[in-house]
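For reference, the structure discussed in these notes is given below.
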Amino acid sequence: MHRGLIISIMQAIFSCVFYFASVSLYQGVLMVAYSTVYTMLPVFSLVVDRDVTALNALTYPELYKELGKGRSLSYKTFCIWILISIYQGSAIMYGALLVFDSDFIHIVSISFTALIVTELIMVALTIHTWHWAMLLAQALSLSLYAGSLLILDNFFDRQFVTTWIFLSKTTAITAISCFPLYIIKALRRRFSPPSYAKVN
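Count along the sequence shown starting at 1, add 5, and that's the number in the working numbering.
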């Protein structure tokens with residue numbers, strides 16, 4: 006849900022900034038690659054994630070009593086993900102527009118790269134127990150995208166994406182979109198840990 010919502014927020018902001026013109030922020034190839042090639046593997050690798058060991062699950066069956074109550078996916082969780090998507094989409098889009106220099110393709114390069122890295126970081130923040138398949142999926146997605154930056158000349162300016170300016174702007178925007186959420190998650194885990202974290 007987060008992947009689709011964040012890109013919709015970015016498109017809405019882009020349209021509003023440019024006087025509600027019906028111009029797409031990202032071309033069709035980038036949109037398809039975003040949802041399939043660049044971000045699908047890390048999201049799919051979440052199926053091997055586990056929050057407790059098999060021994061703890063058998064020893065403490067009351068851990069999963071919460072799941073029966075339906076608190077994992079509630080209106081509150083849904084609203085939190087919407088707010089996160091609005092914040093991150095706004096941070097990335099306004100950040101890219103703020104550092105915009107002269108060429109429109111630079112907005113696409115900076116914002117799309119920040120979007121991909123943000124999605125990979127969000128998947129990493131969701132993981133409870135790392136598995137080799139997750140690391141492989143993250144590395145493969147990142148390397149496929151890095152290769153695309155150099156190969157897809159129609160969508161990215163190859164000379165620009167190999168400069169320190171591009172790297173610094175993208176890193177700053179990604180940090181602004183992800184770091185506050187990391188702090189909130191760390192504080193929440195520290196002061197209000199879930200029941201499975203108390204067992205480990």
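All C-beta atoms in this analysis are idealised placements derived from N, C-alpha and C, irrespective of residue type, glycine included.
Backbone secondary structure at residue i - three-state DSSP
i: Trp135; result: coil
i: Leu88; result: helix
i: Val37; result: helix
i: Ser95; result: helix
i: Gln143; result: helix
i: Ser29; result: coil
i: Ser79; result: coil
i: Phe105; result: coil
Continuous alpha helix (DSSP H) stretch holding residue i: start and end
i: Thr179; result: Trp169 to Phe196
i: Asn159; result: Run containing Asn159: none; DSSP gives neither H nor E here.
i: Ser13; result: His7 to Val22
i: Leu46; result: Met45 to Phe49
i: Thr64; result: Ala59 to Thr64
Spatially closest choice to residue i from the options, by CA coordinates
i: Ile212; options: Leu30, Leu154, Ile18 and Ala26; result: Summary: the structure shown does not reach residue 212, with the chain confined to residues 6 through 205, and so no result is reported for it.
i: Thr123; options: Trp135, Arg193, Tyr43 and Cys183; result: Cys183
i: Arg55; options: Trp135, Ile97 and Thr168; result: Trp135
i: Trp86; options: Pro66, Asn61 and Met127; result: Met127
i: Ser40; options: Phe19, His7, Cys21 and Ala17; result: His7
i: Leu149; options: Phe171, Asn159 and Ile121; result: Ile121
i: Ile132; options: Ala96, Phe109, Val57 and Val166; result: Val57
i: Ser4; options: Leu78, Ala129, Ala62 and Ser95; result: Because residue 4 is not part of the residues shown, which for the chain are 6 to 205, the question remains open.
i: Ala17; options: Ile170, Gln32, Ile91 and Ala119; result: Ile91
i: Ala144; options: Val28, Leu125, Leu78 and Val34; result: Leu125
i: Val22; options: Phe83, Leu103 and Leu88; result: Leu103
i: Gly100; options: Leu186, Leu10, Lys190 and Ser173; result: Ser173
i: Val1; options: Gly9, Val34 and Ser20; result: Absent from the structure is residue 1, since the part of the chain shown begins at 6 and ends at 205.
i: Lys190; options: Trp169, Ile110 and Ile89; result: Ile89
i: Phe109; options: Ile156, Ala26, Asp162 and Leu192; result: Asp162
i: His96; options: Ala177, Gly9 and Leu35; result: Correcting the residue identity first, residue 96 is Ala in this sequence and not His. Nearest of Ala177, Gly9 and Leu35 to Ala96, Cα basis: Ala177.
i: Gly235; options: Ile156, Thr179, Tyr80 and Val34; result: Here the chain covers residues 6 to 205 and nothing more, so residue 235 does not appear.
i: Ala151; options: Ser13, Leu10 and Ala38; result: Ala38
CB contact flag (residue i, residue j, <8 Å)
i: Met15; j: Met98; result: yes
i: Ser146; j: Tyr43; result: yes
i: Phe165; j: Ser114; result: yes
i: Phe171; j: Gln32; result: no
i: Ala119; j: Thr167; result: no
Closer than 7 Å: residue i CB and nearest the ligand MG heavy atom
i: Ile181; result: Judged by which ligands are present, the structure shown has none, so any question about the ligand MG falls away.
**Message:** Below 8 Å, how does it come out for the region 139-146 and the region 185-198: are there three or more Cβ pairs, yes or no?
**Reply:** no
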